[in-house]
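In the numbering used here, the protein residues as written are 535 to 871. Structure record follows, encoded as structure tokens.
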Amino acid sequence: MADKKNTEENGTKMTIYEYEQKYVRRQNVKGAKVFLRIFAAILGVFLFVLLFLVAMRVYDLNRYAGYAAGAVCLVLYIFIFLIPLIKIMRAPYFMTNVNAQTASSAQRHNRKVRQDIADKMIGLTAQVEGVGWYDSELIGKLVIARNTGDDGALKETLTALYKGSIKKTAKSLIMRSSMRSAMYSALSQSEKIDAALVIAVNTQLIKDLVFLYGFRPSDVRLAKIFVGVIKNSMLALGLGGLNVGNAVVKTMGDAVKGIPILGSLISTVVDSSVQGLANGTLTALIGFQTIKYLNLEYNLQNILDGIDVSESEAELQETCTELETQLKKKKKLAPAV
Numbered sequence: 535m536a537d538k539k540n541t542e543e544n545g546t547k548m549t550i551y552e553y554e555q556k557y558v559r560r561q562n563v564k565g566a567k568v569f570l571r572i573f574a575a576i577l578g579v580f581l582f583v584l585l586f587l588v589a590m591r592v593y594d595l596n597r598y599a600g601y602a603a604g605a606v607c608l609v610l611y612i613f614i615f616l617i618p619l620i621k622i623m624r625a626p627y628f629m630t631n632v633n634a635q636t637a638s639s640a641q642r643h644n645r646k647v648r649q650d651i652a653d654k655m656i657g658l659t660a661q662v663e664g665v666g667w668y669d670s671e672l673i674g675k676l677v678i679a680r681n682t683g684d685d686g687a688l689k690e691t692l693t694a695l696y697k698g699s700i701k702k703t704a705k706s707l708i709m710r711s712s713m714r715s716a717m718y719s720a721l722s723q724s725e726k727i728d729a730a731l732v733i734a735v736n737t738q739l740i741k742d743l744v745f746l747y748g749f750r751p752s753d754v755r756l757a758k759i760f761v762g763v764i765k766n767s768m769l770a771l772g773l774g775g776l777n778v779g780n781a782v783v784k785t786m787g788d789a790v791k792g793i794p795i796l797g798s799l800i801s802t803v804v805d806s807s808v809q810g811l812a813n814g815t816l817t818a819l820i821g822f823q824t825i826k827y828l829n830l831e832y833n834l835q836n837i838l839d840g841i842d843v844s845e846s847e848a849e850l851q852e853t854c855t856e857l858e859t860q861l862k863k864k865k866k867l868a869p870a871v
């Protein structure tokens, strides 16, 4: 921000080469897409296996109940994972990791994404009464900006929304999902169900945040988020075996030693509450990681949009023309064979 302020004070804009040097990282775009799909597939397979094991456990108790549990698990798999995942993957994203050759197309792409985000926010506010996600006054300004084609006003209004009502709503969504994850884990009494719930709640939270912001993180950053969800589910799978509650019970002295039933009850309650707190915290971490990436990429596209890339294109054309001239001179000077 200090660099940007100093640039504005000097009356000069950041060049694409300065942007590239400061913000662009070497990335394999195709590789990022591949890894994103691999991590999403790992997440899906892991959840499927967990639900299958739960259904098999019910099947061992009762065959027909097992069939019913299998059908329920399949429906849940579709609605709590596949549909949210598809919505996340299909959401638009900003192009910010660019160079002098791709900057112009990235600016056009990002402008279209901003317009689509504005249209979606306007449409949602008009269609869903009392949605309360977006500041109504700023939505009114978005309508004016879209009707007049004022891209500067549109950017300014979107920025105000992201810093204000959207930020507040995002924190509310994260808190709600964290509480849900904590309560479900405290009640489930099963490591497999805990891990499945973590995947489901985390995926739903990412989908809700992407829907709220109107765009998703880039492939590289979304892949990192999915890795975080995988780690969280693996931790949830192992938390139940920690027997934290038993260690706490031991510190309570002789008060419960003579009452085995009470000691066992306290152990169960403490184990559940600790596991619930842990899973809720892990969900909150995923939520804040997601909005961190969303805010970062929105800010980067704003910086990129303020860069005049026509200068670099003119320089490239000038270099090519000069190269062509020099080659013609060399050809004339070359002795005939």
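Glycine residues also receive a C-beta, built at the ideal position from the N, C-alpha and C atoms. The model shown is predicted, which means the values in this text are computed figures rather than measured ones.
Top-ranked residue by Cα proximity to residue i, from the options
i, options, result
"I825", "G840, N631, D742", "D742"
"F613", "N562, R642, A589, G578", "G578"
"Q649", "I678, E663, A602, N736", "I678"
"I764", "A566, F573, R559, K556", "F573"
"L771", "A575, L585, K556", "L585"
"V754", "Y557, N562, K547", "N562"
"Y557", "C607, A637, M623", "A637"
"N631", "I576, A640, D684, M623", "A640"
"N829", "L608, Y627, S711", "Y627"
"D653", "G762, V735, L746, S722", "L746"
"L581", "Y668, Y601, V732, L739", "V732"
"I820", "R624, K564, S715", "S715"
Exposure label - residue i; buried when at least 16 CB within 10 Å
i, result
"V568", "exposed"
"E671", "exposed"
"N596", "exposed"
"K702", "exposed"
"K791", "Legend: pLDDT at K791 = 42, less than 50; position of this residue unreliable, value from coordinates given subsequently. Flag for K791 reads exposed."
"I550", "buried"
"R750", "buried"
"N836", "buried"
"A599", "exposed"
"G748", "buried"
"S706", "exposed"
"V744", "buried"
"Y655", "Per the sequence shown, residue 655 should be read as Met rather than Tyr. The residue is buried, with at least 16 neighbouring Cβ atoms inside 10 Å."
"A583", "The residue you asked about is not Ala; residue 583 is Val in the sequence shown. With fewer than 16 Cβ atoms within 10 Å of its Cβ, V583 is classed as exposed."
"Y553", "buried"
"E663", "exposed"
"D728", "buried"
"I620", "exposed"
For residue i, the three-state DSSP class (helix, strand or coil)
i, result
"F615", "helix"
"V662", "coil"
"V843", "coil"
"G810", "helix"
"K547", "coil"
"A634", "coil"
"S801", "At S801 the pLDDT is 44, less than 50, meaning the model places this residue with poor confidence; the figure from the coordinates comes in the next sentence. Helix at S801."
"A625", "coil"
"S699", "helix"
"Y553", "helix"
Exercise. Please list the segments of the beta strand (DSSP E) lying wholly inside the segment 719-750, counting only runs of 3 or more residues, in order along the chain.
Key: None, since the segment 719-750 contains no complete beta strand (DSSP E) of that length.
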